Ligand code: ATP
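Given below as structure tokens:
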């Protein structure tokens with residue numbers, strides 16, 4: 005049976021950076037956040053979104069992601085409704101991807117909201133990427149040209165490093181990339197042999 009390893013961490017912690025390192029080692033990686041964004045635009049998703057949220061999330065008949073984000077950001081009930089549409093579709097998409105990778109000893113399921121979404125329950129082990137908050141904020145400011153306040157509001161909507169780390173089997177400290185990659189390889193060796 006293929007082992008499913010969850011890879012999580014807050015915004016700017018370096019999930020995608022570590023995931024890319026794992027891909028380079030030949031390990032299949034499923035990026036849940038990226039797939040969820042694609043699923044958002046599928047015709048059947050659009051249909052469900054329209055029936056739940058109405059026409060206010062469309063501009064010129066096209067889904068306006070910014071309008072949708074504003075509608076759910078800081079509104080837990082609306083966010084729950086959105087998640088009820090998207091999360092089951094991501095699960096189906098992941099299961100298909102897993103089947104296509106059924107010969108792999110282990111695969112990585114990357115998600116910023118692995119715990120928040122409940123998808124950690126399907127994982128055999130969980131790795132969290134951790135880095136000091138100020139460093140994460142600076143990385144995202146540099147990467148996305150975002151403001152400090154924009155990054156902080158996203159951080160405030162996610163679990164803290166502390167909460168994630170406590171529920172994880174392994175924690176990678178991603179301050180220095182060389183050290184973080186070495187730690188990653190060590191963990192993967194353990195997981196492959198156990
Ligand atoms: P998000 O949740 O926003 O998708 P993420 O956790 O996937 O973020 P990355 O995109 O991997 O984070 O990293 C954020 C930024 O920080 C990127 O520009 C990346 O190149 C940089 N970065 C990641 N790790 C390090 C590191 N150890 N040293 C320097 N820069 C790093």
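Residue numbers (my numbering): 5 to 198. Heads up, the beta-carbon is just placed ideally off N, CA and C, and yes, glycines get one too. The structure presented is a predicted model; accordingly, all values stated were derived computationally and were not measured.
Cβ of residue 110 within 8 angstroms of Cβ of residue 27?
-> no
List the DSSP bridge partners of residue 145.
-> Note: residue 145 sits in no beta bridge, so no partner.
Do you know how far the Cα of residue 79 is from the Cα of residue 149?
-> 25 angstroms
Would you call the CB atoms of residue 130 and residue 30 closer than 8 angstroms?
-> no
Taking the alpha carbon of residue 69 as the point to measure from, which residue in 52, 91, 126 and 45 has its own alpha carbon closest?
-> 45
Below 6 angstroms CB to CB, which residues in the same chain sit around residue 18 once its five sequence neighbours on both sides are set aside?
-> 133 and 178
Cβ separation of residue 97 and residue 39, assumed to be a contact under 8 angstroms, to the nearest whole Å | 6 angstroms
Tell me whether residue 187 is buried or exposed, calling it buried when 16 or more other Cβ atoms sit within 10 Å of its Cβ.
-> buried
Have a look at 194, 160 and 156 and flag the residue whose alpha-carbon is nearest the alpha-carbon of residue 174.
-> 194
Considering only residues of the same chain and omitting the five flanking positions on each side of residue 161, which have a CB-CB separation below 8 angstroms?
-> 77 and 78
How far does the alpha helix (DSSP H) with residue 169 in it reach, from first residue to last?
-> 165 to 170
Throw me the rounded Cβ distance for the residue 108 and residue 32 pair, which I believe falls under 8 angstroms.
-> 5 angstroms
Identity of the residues DSSP links to residue 63 by a beta bridge = 66
Which residues mark the beginning and the end of the alpha helix (DSSP H) in which residue 11 is found?
-> Not the alpha helix (DSSP H): residue 11 falls in the beta strand (DSSP E), residues 7 to 13.
Closer than 7 angstroms: residue 165 CB and nearest the ligand FMN heavy atom = With respect to the ligand FMN, the structure offers nothing, as its ligand set consists of the ligand ATP.
Within 10 angstroms of its Cβ, does residue 168 collect 16 or more other Cβ (buried), or is it exposed?
-> buried
Does DSSP put residue 113 in a helix, a strand or coil?
-> strand
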